[in-house]
Structures are given as structure tokens and as C-alpha cells.
Amino acid sequence: MTILRRISIVLICLSATAAGLAVATPAQARTAASQSASEFVLAVVPEYGGPTRVATLRCEPAGGTHPDPIAACYQLRVADGDFDAVEGIQGACTMDYRPVTAVALGYWRGTRTSYRETFSNQCVMEHATAGIFDF
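All residue numbers for the sequence shown refer to the numbering used here, where the first residue is 1 and numbers rise by one.
Here it is, written out as C-alpha cells:
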């Protein structure tokens with residue numbers, strides 16, 4: 001299966017899950033707090049095979065299936081929910097070429113947000129995204 005097809009399938013699944021996050025509560029139960037919710041479905045898609053990894057991340061309060069939601073939410077708070085503005089962390093990575101694509105769909109403080117970027121390998125992705133996709 002080509003990487004574009006795999007990413008398309010993942011995006012469709014993530015879109016459905018993110019849509020579920022938005023309608024999980026009845027309209028009359030939505031409060032100012034729920035409208036400012038920050039929830040994401042995150043995925044890491046290896047380009048050359050291997051399983052796609054998926055995690056959920058909820059901020060304010062931190063939670064979800066992400067192994068370190070507090071640190072991931074902190075990085076997003078500093079970047080005001082903009083994955084492209086996340087300041088990466090320093091560290092050495094090997095130069096092997098095993099591309100992975102990081103995908104995020106969800107809401108930052110009530111505003112729909114999406115992100116997709118391909119990195120040369122897992123280590124480069126983890127450093128560039130300050131561990132948000134380290135799961």
C-alpha cells in the first residue's frame with residue numbers, strides 16, 4: 001500500500017474520531033469549558049511499512065492515551081496550539097532515511113486544528129515536535 005493511500009486512510013479515520021470528539025456531548029450540555037476544549041487524535045505513519053501508531057491527547061486537563069500528556073500539552077500551550085510553531089528539542093539523530101509522517105486532527109481551545117508533516121526518521125520527528133508524537 002502506498003504511503004499516500006495509508007495517510008489517506010489514517011486521515012479518514014482521524015477525521016471521524018475528531019468529529020466524534022466534537023459531538024460527544026449533547027448540544028445543551030456544551031458549556032464554555034467544553035467549547036474551549038483541546039483534544040487531538042495523533043498518528044505516526046511509517047512510509048516504508050510497519051504499523052501506524054495512534055494516540056489521543058487531551059489538554060486542560062491533560063489526559064488521553066498519550067504516554068506523557070502533560071509534557072505534550074505544555075509544548076502546545078507554548079506554541080498556542082500551532083504544531084508548526086512548536087520549538088523542537090536539541091539532540092543527535094542517526095542519518096538513516098526511514099520517513100514517517102506525523103498527523104494530528106482535533107481542536108485547540110475550541111478551534112479545529114490539523115497538522116501533517118513528513119520527517120526523515122522517527123528520531124528527527126520526535127525532536128522537531130518536542131516529543132508530542134513520541135508514543
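The beta-carbon is built from N, C-alpha and C at its ideal position, and this holds for glycine as well.
Keep in mind that this is a model prediction, so the values were computed, not measured.
Closest option to Pro-67, judged by alpha-carbon separation, among Thr-56, Thr-113 and Pro-61: Thr-56. Of the candidates Thr-65, Tyr-107 and Cys-73, the residue whose Cα lies closest to the Cα of Thr-129 is Cys-73. In the three-state reduction of the DSSP assignment, Arg-109 falls in the coil class, being assigned neither a helical nor a strand state. Checking the DSSP bridge columns, you'll see Ser-120 has no partner listed.
Of all alpha-carbon atoms in Val-44, Ile-70, Gly-63 and Trp-108, the one lying nearest the alpha-carbon of Ala-102 is that of Val-44. Scanning its chain for C-beta atoms nearer than 8 Å, with the 5 sequence neighbours on each side dropped, one finds around Pro-69 the residues Leu-57, Arg-58, Cys-59, Ala-62 and Gly-63, in chain order. Inclusion of Ala-85 and Leu-42 in the CB contact set at 7 Å is not warranted, their separation being larger than that value.
Apart from the 5 residues on each side of it in sequence, Tyr-97 sits with its Cβ closer than 8 Å to the Cβ of Ser-120 and Asn-121 in its chain, given in chain order. Ile-89 and Ala-79 have their alpha carbons spaced roughly 14 Å apart. Taking the C-beta atoms as reference points, Val-100 is found nearer than 7 Å to Pro-46. With contacts defined by Cβ atoms closer than 7 Å, Gly-81 and His-127 do not form a contacting pair.
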